[in-house]
Amino acid sequence: MMADYYVVLGLGIDSSKEQLEKAISAFEAKGGNPREAKTMKETLLSEASKANYDMFLRQNYPSRYAK
1 MMADYYVVLG
11 LGIDSSKEQL
21 EKAISAFEAK
31 GGNPREAKTM
41 KETLLSEASK
51 ANYDMFLRQN
61 YPSRYAK
């Protein structure tokens with residue numbers, strides 16, 4: 001099962017890149033899994049990857065991520 005990175009980070013889908021970077025750094029500082037942190041960075045800090053991830057969430061979890 002895929003983790004919902006926004007839930008893990010305590011942020012919303014419309015969070016800014018700066019907010020995401022800070023939350024990922026805090027996740028790492030708290031001893032979060034380094035491989036998961038790397039994947040979060042690759043997914044959420046790349047515009048194209050984030051767009052695909054957000055589209056996936058909106059399609060599969062419409063009650064949580066409806067526009």
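Numbering (full-length UniProt numbering), first residue to last: 1 to 67. Note that CB positions come from ideal geometry on N, CA and C, so glycine has one too. Bear in mind the structure is a predicted one, so any value in this text is a computation, not a measurement.
DSSP three-state assignment for Asp4, whether helix, strand or coil: coil
Ile13 (DSSP reduced to helix, strand or coil): coil
Closest Cα partner of Lys41 within the set Ala66, Arg64, Leu20, Ile13: Leu20
Beta-carbon proximity list for Leu57, same chain, < 6 Å, skipping 5 on both sides: Tyr65
Pairwise C-alpha distance: Pro62 and Gly31: 31 Å
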